[in-house]
Structure formats: C-alpha cells, structure tokens
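Colleague:
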Amino acid sequence: MAEERKLRILVAKPGLDGHDRGAKVVARSLRDAGMEVIYTGLHQTPEMIVNTAVQEDVDAVGLSIMSGAHNVLMPAVVKGLEDKGAQDIAVFGGGIIPDDDIADLKNKGVKALFTPGTSTEDIIAWVRANVKPK
Amino acid sequence: MLYDREALAAIIAQKETWTREELERVLSKMPERAPRFSTISDKEIPRLVCPEGDDFDYAAKLGFPGCYPYTRGVQPTMYRGRFWTMRQFAGFGTPEDTNARYRYLLDRGQTGLSVAFHYPTLMGYDSDHPRSLGEVGRCGVAVDSLRDMEVIFDGIPLDKVTTSMTINGPAGILLAMYIVVAEKQGVGADRIGGTIQNDILKEYIAQKSWIFPPRPSMRIITDILAYATEHVPRWNTISISGYHIREAGSTAAQELAFTLADGIGYVQAGVDAGLDPDDFAPRLSFFFNAHSDFFEEVAKYRAARRMWARFMKDRFGARKEASWKLRFHTQTAGCSLTAQQPTNNVARTALQALSAVLGGTQSLHTNSLDETLALPTEEAALVALRTQQIIAEETGVTNTIDPLGGSYFVEWLTDSLEAEAQAYIDKIDELGGIVRAIELGFPQKEIGDAAYRYQQQLERGEKCIVGVNKYVLEDEPPIPILKIEEEVERRQVENLRKVKSERDGDAVQRHLKRIDEAAREGGNLMEQFVDAVRVYCTLGEIIQTLKGVFGEHKDPGML
Numbered sequence: 001m002a003e004e005r006k007l008r009i010l011v012a013k014p015g016l017d018g019h020d021r022g023a024k025v026v027a028r029s030l031r032d033a034g035m036e037v038i039y040t041g042l043h044q045t046p047e048m049i050v051n052t053a054v055q056e057d058v059d060a061v062g063l064s065i066m067s068g069a070h071n072v073l074m075p076a077v078v079k080g081l082e083d084k085g086a087q088d089i090a091v092f093g094g095g096i097i098p099d100d101d102i103a104d105l106k107n108k109g110v111k112a113l114f115t116p117g118t119s120t121e122d123i124i125a126w127v128r129a130n131v132k133p134k
Numbered sequence: 001m002l003y004d005r006e007a008l009a010a011i012i013a014q015k016e017t018w019t020r021e022e023l024e025r026v027l028s029k030m031p032e033r034a035p036r037f038s039t040i041s042d043k044e045i046p047r048l049v050c051p052e053g054d055d056f057d058y059a060a061k062l063g064f065p066g067c068y069p070y071t072r073g074v075q076p077t078m079y080r081g082r083f084w085t086m087r088q089f090a091g092f093g094t095p096e097d098t099n100a101r102y103r104y105l106l107d108r109g110q111t112g113l114s115v116a117f118h119y120p121t122l123m124g125y126d127s128d129h130p131r132s133l134g135e136v137g138r139c140g141v142a143v144d145s146l147r148d149m150e151v152i153f154d155g156i157p158l159d160k161v162t163t164s165m166t167i168n169g170p171a172g173i174l175l176a177m178y179i180v181v182a183e184k185q186g187v188g189a190d191r192i193g194g195t196i197q198n199d200i201l202k203e204y205i206a207q208k209s210w211i212f213p214p215r216p217s218m219r220i221i222t223d224i225l226a227y228a229t230e231h232v233p234r235w236n237t238i239s240i241s242g243y244h245i246r247e248a249g250s251t252a253a254q255e256l257a258f259t260l261a262d263g264i265g266y267v268q269a270g271v272d273a274g275l276d277p278d279d280f281a282p283r284l285s286f287f288f289n290a291h292s293d294f295f296e297e298v299a300k301y302r303a304a305r306r307m308w309a310r311f312m313k314d315r316f317g318a319r320k321e322a323s324w325k326l327r328f329h330t331q332t333a334g335c336s337l338t339a340q341q342p343t344n345n346v347a348r349t350a351l352q353a354l355s356a357v358l359g360g361t362q363s364l365h366t367n368s369l370d371e372t373l374a375l376p377t378e379e380a381a382l383v384a385l386r387t388q389q390i391i392a393e394e395t396g397v398t399n400t401i402d403p404l405g406g407s408y409f410v411e412w413l414t415d416s417l418e419a420e421a422q423a424y425i426d427k428i429d430e431l432g433g434i435v436r437a438i439e440l441g442f443p444q445k446e447i448g449d450a451a452y453r454y455q456q457q458l459e460r461g462e463k464c465i466v467g468v469n470k471y472v473l474e475d476e477p478p479i480p481i482l483k484i485e486e487e488v489e490r491r492q493v494e495n496l497r498k499v500k501s502e503r504d505g506d507a508v509q510r511h512l513k514r515i516d517e518a519a520r521e522g523g524n525l526m527e528q529f530v531d532a533v534r535v536y537c538t539l540g541e542i543i544q545t546l547k548g549v550f551g552e553h554k555d556p557g558m559l
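So the protein lines, in turn, are chains B and F. The first sequence lines up with residues 1 to 134 when you count with the numbering used here. The second sequence lines up with residues 1 to 559 when you count with the numbering used here.
Here it is as structure tokens:
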C-alpha cells in the first residue's frame, strides 16, 4: 500500500486577540497525531493567513478566535481562499462562538466549529474524516 | 519552634505506629482511589502531613498579620477591619453601554471599578483602523480618545471610587486620560486612586497584547513610574499579573514564579533608571488567579507574600515596610469555567473566590457563569457580585485572620510552592534576568508544555471537569447571552469622526511631534501623554507615533 501523504494543516490566529492556549494545544495534538502542522503565530490578518495557506500548500486551515470577531474574520478567510482559487482548502474553527453564530458561519463556508470543552480527540477525528491530502 | 525535640520524637513514633497498625490494615483491604494524588498543577500531594521536622520557625515563616514576612496577611486586622474591594471587571460595546453597567453595579454594592477595553484599544488601534474591523466593543469597551473616557466615567465621582484598568502597551495613555477626566470633575491627580495593569512582561509571556518590543516597553514603564511617583501618589503603577500566565496554562508554581520574576524585573528596571525602590515599590501591586485546586491556591498567595517581602528587603535593600508588602487583586479562573451545564460555574467561582479570601486578597473579581459563552449579562454579573457578598457577610470566614495558618498541610504546601517557585527564579537569574528569559522563550515554553500536559491528563481522564469529561448531560437547554450588535462599531466610528472634526488639528500635530521627540530623545513620555490627550489626540495616533520610533513586536509563533 502506497503511503499517503501526511495531512498538512495550518493553525492560525486571526485578529487582535492574544489567547493562543487553545490554538497551540490543538496544533500540538494534530502534530502528535501524525499531521504536519504549521502555526502562524498571533495577530494575523485574513490576507496573511490566506497567503500562508496557499504558499504552504496546506490541506486545511484551523482558525482560533476568542475575541468575538469570528463573524467578520472567519468568512474573510474562506472568501480569500476562494478568490485565490484555493476553495479546496477546508476551513474549520474554534473558540468562544455562540450557538446562534455557528449556523451562519457554516453557511458562509466554515466546515466545522469546535466550542469550549471539545476534546482534541474529537478535532483529530473530524480532520481525519473530512480533510483529504491533495 | 512549635515542638521541642522530645514531643516531636513522640509524634514521629506515633505516626509510625499508626502507619503500621491502622493505615496498612485498611489499605490491604481497600486500596485508595488512585495510586497517586496530585493538585490540578500535577504537584504530588502526601496522604497526611504531621509535624515531622524541627525546622518550623513560627516567627521566621509566619509572623503576625501586618508584619514581616506577611505570610498571614498584609494588614493587622485584615477583614475584621474592612472587607476586600469587590471589583468586577466590566466593559463592552460603546462607552455609553459601559457607563450604564458601572452605574448598575455601583448601585448594587460594588465598591470599585475595573475597566475591560476592547482589543483595538489594547493593541493601540483606533476603532476606524482596518485591523479593528469586527472587533469594536466585542470583548471590552471601545476607547479611542478622551471623549470616550469622559462618557465612561460620567456621573461617577473619581474622588470616591477607585478604578483598575486592564491596559498594558498603551497604559500611560489611558492613565493620562483618567487624570484629565478627573481634572474636569475638579479632582486633582493627587486625589485619584486606582491601578493600571501596565505589566508588559507578562504580555510577552502569556496575555500577548503587546505593541512595542520589550526594551522600549520597559522604558515607557519607567517613565510612568517616575511621573506617577511625583504626580499621582495614590495610583498603583503596575499590577504585576500572574492571572494571564495561569490562564495560558501554567501551573500554580509557575504562576507564582514568573509573576514574582516579572516584579523583580520592574524593580530592577526602576533601580537601573536611578529610582530609589522605596519611592516606587509601595505602589506596585499584584494580580493572581484563583483556580480550582483550593489549598494550592491558598498556599500560593501565602508563599507570594513571604517571597516578595524577602526579595524587597534582602535583594533590593528596601527599608520601608510598604515596599515589602505584597498587596494583590484576585480573579477567579476564567479557564476553569465550562460551556457545559454553565450554572455549575457559580459553584466553581464561589469556591475559587473563597480560596482568594482565605489567602488574604485585597480585592476580588468573581467571574459570571456565562463567560465561556460571551461577555456577562446583567443578571449573571449580579450573581457573581452576590457570591462575594455572601462570602463576606454570611460565611463567617472574615471574622478571624488567616484561619488556615498553622494547618500542617497548608504550611507544607506553602513551603513546597515557595521552593518550586524559587527554583524557577534561580533559573531565570542564571539566564540573565526575566527580560532575557522572555527573549529566549523560556517561560513561554514552560507554560505551553504545562498546558499541553494538562489537556492530555484531562483526555486520559486523570483530571476531571464536571460536565465535560464526567457527569455529562446530553441536550442541554441554551442560556441567555449578551449580544454585541454590529451597530456598535458604526456608532463608535461615528463618534470618533465627530471628535476628529471638532478638535484643534494644529494642537494635535504639535503634541504628536512632542511625543515623537520625547521618544527619541529620552524626555518623560507620560508628561507628553497628559498634554496630548487633553487636546484629543487619539490613542491610535499616539501609538502610531511611538511605533515610528520604537518599532513593533511580532509573535515568533513558537509551539
């Protein structure tokens, strides 16, 4: 059996919020689960994230937002990827996201949203089931 | 010494007998719940602590409240004199929204204010900056210019209420605005009281709301220390904060160690700038987390007081008792709250708050039950305030001083945390001090590792969070949450436009130029901030000017 290419995941922190505990824990968990993980660091604009995702040829982008700016920043990343013809890169997210916003974000192309209390096992399982290496 | 040698030998012999005859008999029939017991920070905890060493020197380790080394508290009467300040951190939406919330809380018995700013203010951007898009008023109140601070404190007497402001990179600018708002109320700078967080070192370590690189940031802080010592003598100039270090995933001992190491860093910076520690150290205060492991938290506060007193007296040679005293604010642990079964958060917060009170805090914020979902609703914020009032007025824990002092276990744990934290501080000294350690990423890495370790323990079921990995309920009903309308952003940008159109544009340019010069040539920046905000220079304009001289700090993005 030919060995599948490892999944490449970009974990990104858009916006001004500095809460990186969750993003880092998720990034390390995905890496320990055998994926290649790139972490952007904090304070990224959607444009910076899109550029990194395209340059690094990732399979998915995970966005972490704790500041309440998710309704603006998450769709901006989805749209930015589309504008670059990179709509095959799956976008998922996590953070303090009220239930009422989740449906709207999914309509705008965010594939999955993970809220407080989610286990990293669940995130790893979702990525394995829903993201395919290119 | 609490026991003479003979009494101690008898206790040790009795413990051996108890172990052999009682304990082992029971253990052979019924093993304990776990092979190893540990705190939430993974510190191993003994089954039973008894007097076993002859090194317990009451006078040296505990002393008396209000006396060196302050282990039992910084005031001689503690809560028999007066309760801690009940200071709920709040701020959201526009300045008008926040003013209304403050009046609501003050009317219901809150005794101090604490301002939460939105992210653009924390990071030095005005509300009309492209980077502020989507963030305005979301996780705190929007402040762009003096106008906003005038609205926030409208009708609130600044000679009677003290105010804490969680602001770091732009701390001097917000203090300047507060000084001018008070001045307009007829209250001189010498009569206002409060705190600016102004703890930039922990931003690089944990909270990550920085603007400038570490070294120019330290220069701004020494300017603030020098200015406030002279003009705002009742102001706490730095709130040296472990809170965010803990929220980022540190252990209790790391929170203690890195916070005190930051404190040492600030005192050293002041000394290096030619200040006498006794002139500014009495205005340094601290801010700790109250996490869920009850005794570990109590021990942490007690160890913090004892260690800081020693550092100030021996390491810096401070002579004033006020310089030796570690006064602190506490906030219950936001990261311990759960989105699942959120009503349980009231119980968590009450127990955490109790640990802060038994640890001798000077002021306290209790989190609201809905804070893992959004900023608190008015109803949730009221329950949080009432939790403190119940502890103060109903439980009776405030009737005596340091009621846990002398508990064999609490004293053992206090010593143990002190030793663990001291080892970190020694390591930081070896690295060349806290600024260097931060540049090397040392505390950041230790915290990241601890956070990951805890998450793994949680997922293996070695640590429990009720409602999350144990006692889970399906189909929970949603609870009401506070929504910040998108309208807020439009209104705030509109307010800012109005300020800019009505102010004296020439004066603004003149003052920005003076700030640029002071930044380059070493004049006191704080003096310039006060004059600049008075003519409605905006926060974003002042920060942009300073970035031109000092540059910007970027996240290295280490995992």
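We put the beta carbon where it would ideally sit given N, CA and C, even for glycine. The structure displayed is predicted, hence computed values, not measured ones.
1) Contact criterion: CB-CB distance below 8 Å. Does K24(B) meet it with respect to chain F?
2) When we look at the beta-carbon of T343(F) and count the other beta-carbons within 10 Å, is it buried (16 or more) or exposed?
3) Give the secondary structure of F311(F) by DSSP, where H, G and I count as helix, E and B as strand, and everything else as coil.
4) Over what stretch of residues does the alpha helix (DSSP H) that includes Y227(F) continue unbroken?
5) Give the single residue among Q268(F), K513(F) and Q362(F) whose Cα lies nearest to the Cα of F585(F).
6) Is it the case that the Cβ atoms of I220(F) and T338(F) are separated by a distance below 8 Å?
7) My guess is that V267(F) and L358(F) are in contact by the Cβ rule of under 8 Å, so how many angstroms apart are they, rounded?
8) Kindly say whether Q362(F), judged by its beta-carbon, lies nearer than 8 Å to any beta-carbon of chain B.
9) So what's W235(F) in DSSP terms, helix, strand or just coil?
10) Name, please, each residue of chain B whose Cβ falls closer than 9 Å to the Cβ of R131(F).
11) How do the segment 1 to 20 of chain B and the segment 42 to 52 of chain B stand: do at least 3 beta-carbon pairs fall below 8 Å, yes or no?
12) In chain order, which continuous runs of the beta strand (DSSP E) of length 3 or greater are located wholly inside the segment 37 to 82 of chain B?
13) Please tell me whether Y452(F) has its Cβ less than 8 Å away from any Cβ of chain B.
14) Work out the CA separation of G68(B) and A281(F) for me, nearest whole Å.
15) Can you tell me the Cα-Cα spacing of E203(F) and M66(B), whole angstroms?
16) Can you pull out the residues from the segment 237 to 256 of chain F whose beta carbon lies closer than 9 Å to at least one beta carbon of chain B?
17) Looking only at its chain, what residues have a beta carbon closer than 7 Å to the beta carbon of A248(F), apart from the 5 residues adjacent to it on each side?
18) Work out the CA separation of V549(F) and A182(F) for me, nearest whole Å.
19) Can the beta-carbon of T366(F) be found closer than 8 Å to that of T349(F)?
20) Please tell me whether D562(F) has its Cβ less than 8 Å away from any Cβ of chain B.
21) With DSSP run on the structure shown, which of helix, strand or coil describes G73(F)?
22) Quick check: what's the CA-CA separation for G263(F) versus L81(B)?
23) Which residue spans inside the segment 437 to 513 of chain F form an unbroken alpha helix (DSSP H) run of at least 4?
24) Exposed or buried, which one is L27(F) when buried takes at least 16 other CB atoms within 10 Å?
25) If you measure beta-carbon to beta-carbon, which residues of the segment 105 to 131 of chain B are closer than 8 Å to chain F?
26) Quick check for students: name the residue ranges of the alpha helix (DSSP H) that lie wholly in the segment 251 to 300 of chain F, counting only runs of 4 or more.
27) Out of curiosity, what's the CA-to-CA distance linking I11(F) and P403(F)?
28) Just the Cα atoms here: how many angstroms apart are R460(F) and M35(B)?
29) Which term fits W18(F), buried or exposed, when burial requires 16 or more other beta carbons within 10 angstroms of its beta carbon?
30) My guess is that M78(F) and G360(F) are in contact by the Cβ rule of under 8 Å, so how many angstroms apart are they, rounded?
Modeller: Let's see:
1) yes
2) exposed
3) helix
4) P214 to H231
5) Missing from the structure shown is residue 585(F); chain F here goes from 1 to 559 and no further.
6) no
7) No, V267(F) and L358(F) are not in contact; Cβ-Cβ is about 28 Å, not under 8 Å.
8) no
9) strand
10) G15, L16, H43 and T45
11) yes
12) 60 to 65
13) yes
14) 37 Å
15) 16 Å
16) H244, E247, A248 and G249
17) A206, I447 and A451
18) 30 Å
19) yes
20) The requested residue 562(F) does not occur in the structure, where chain F is confined to residues 1 to 559.
21) coil
22) 45 Å
23) 442 to 459 and 487 to 502
24) exposed
25) T115, P116, G117, S119, T120 and E121
26) 252 to 272 and 277 to 280
27) 24 Å
28) 21 Å
29) exposed
30) 6 Å
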